[in-house]
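A.B. asks:
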Amino acid sequence: DAMRAEFQKRRDVMVAGLNKIKGFSCRLPKGAFYVFPNITKTRWPSKKLADALLDDAGVAGLSGTAFGNFGEGYLRFSMANSIENIEKALDRVNDWANKNL
């Protein structure tokens, strides 16, 4: 159960961090190693935002449209990393959002 507790910590850090970013809204996932934040308030298409975050902030996320048209307005991020790296990624996304949104 140590790993379960660790992933819950990662989830909590990721969700709280995403909810602080301009235009992002994220619910607690029920399972898996992914979060699926709503990014509709950014007014950016999912694919364009995912590409910009990778190119400009060095943070990899997957466009929600990779899962079908219903995924527009969402990104998917993995939580399968250390809390330290998750926090760094959140800082990069937040910095990018503050400059570009």
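Start counting the sequence shown at 3; every next residue gets the next number (our numbering).
Positions of the beta carbon are idealized from the N, C-alpha and C atoms, including for glycine.
On a predicted model such as this, the values are computed, not experimentally measured, just so you know.
So what does DSSP say about S80, is it helix, strand or coil?
C.D. replies: Position 78 of the sequence shown, counting from 1, holds the residue named residue 80. It is a strand residue.
A.B. asks: What residue does the alpha helix (DSSP H) around F9 start on, and which one ends it?
C.D. replies: Taking the sequence shown and counting its residues from 1, the one referred to as residue 9 is at position 7. Segment A4 to N21, the alpha helix (DSSP H) holding F9.
A.B. asks: So A52 packs on S65, CB below 8 Å; how close in whole Å?
C.D. replies: Translated into the one-based positions of the sequence shown, residue 52 becomes position 50. Translated into the one-based positions of the sequence shown, residue 65 becomes position 63. Confirmed, about 4 Å.
A.B. asks: For N83, tell me which candidate among N96, Y76, A62 and E74 has the shortest Cα-Cα distance.
C.D. replies: For the purposes of this step, residue 83 is taken as residue 81 along the sequence shown, with counting starting at 1. If we check each option's Cα against that of N83, A62 comes out closest.
A.B. asks: Going by DSSP in three states, L92 sits in which element: helix, strand or coil?
C.D. replies: The sequence position of residue 92 within the sequence shown is 90, counting from 1. Three-state DSSP puts L92 in a helix.
A.B. asks: Does S27 pass the burial test, meaning 16 or more other C-beta atoms within 10 Å, or should it be called exposed?
C.D. replies: Counting from one through the sequence shown, the residue named residue 27 turns up at place 25. Exposed.
A.B. asks: What's the gap between the Cα of F35 and the Cα of N71?
C.D. replies: Numbered from 1 along the sequence shown, position 33 holds the residue referred to as residue 35. Numbered from 1 along the sequence shown, position 69 holds the residue referred to as residue 71. Cα to Cα, the separation comes out at about 22 Å.
A.B. asks: Taking the continuous alpha helix (DSSP H) assigned at K49, which residues delimit it?
C.D. replies: Numbered from 1 along the sequence shown, position 47 holds the residue referred to as residue 49. Note, K49: alpha helix (DSSP H), S48 to A54.
A.B. asks: Considering only residues of the same chain and omitting the five flanking positions on each side of F38, which have a CB-CB separation below 6 Å?
C.D. replies: Taking the sequence shown and counting its residues from 1, the one referred to as residue 38 is at position 36. The answer, listed in chain order, is Y76 and R78.
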